[in-house]
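Reviewing the structure listed below.
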């Protein structure tokens, strides 16, 4: 495999607070999020853009956070995809 996955954040290790997410993911690109939710579901997503905690993200964050509040997150992990 020409890529490796570098763990940036793990919910059960680093916490679930939005501030923790923004502080630890700031500046990273090419990130994959994997969420284990209540029951047997696993959700995921990919973001090729750089996370920047200094941009005005209020609208986007509120829109996505509303969706997240409707599910019960058990744990999550955020990885950066790095070319070997």
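Residue numbers (my numbering): 14 to 97.
Just so it is clear, CB atoms sit at the ideal spot from N, CA and C, and this is done for glycine as well.
As the structure is a prediction and not an experimental result, all values here were calculated from the model.
Kindly indicate which residue of the options has the alpha-carbon position closest to the one of residue i.
i          : options        : result
residue 88 : 17, 64, 22     : 22
residue 59 : 15, 48, 32     : 48
residue 20 : 30, 54, 53, 43 : 43
residue 68 : 15, 30, 35     : 35
Check residue i in the structure and name its three-state DSSP category.
i           : result
residue 43  : coil
residue 103 : Look at the range of the chain in this structure, 14 to 97, and you will see that residue 103 is not part of it.
residue 129 : Nothing about residue 129 can be read from this structure; the chain reaches only from 14 to 97.
For residue i versus residue j, is the C-beta spacing smaller than 8 angstroms?
i          : j          : result
residue 40 : residue 86 : no
residue 94 : residue 46 : no
residue 26 : residue 97 : no
At least 3 beta-carbon pairs within less than 8 angstroms: the stretch 26–43 vs the stretch 60–70: yes
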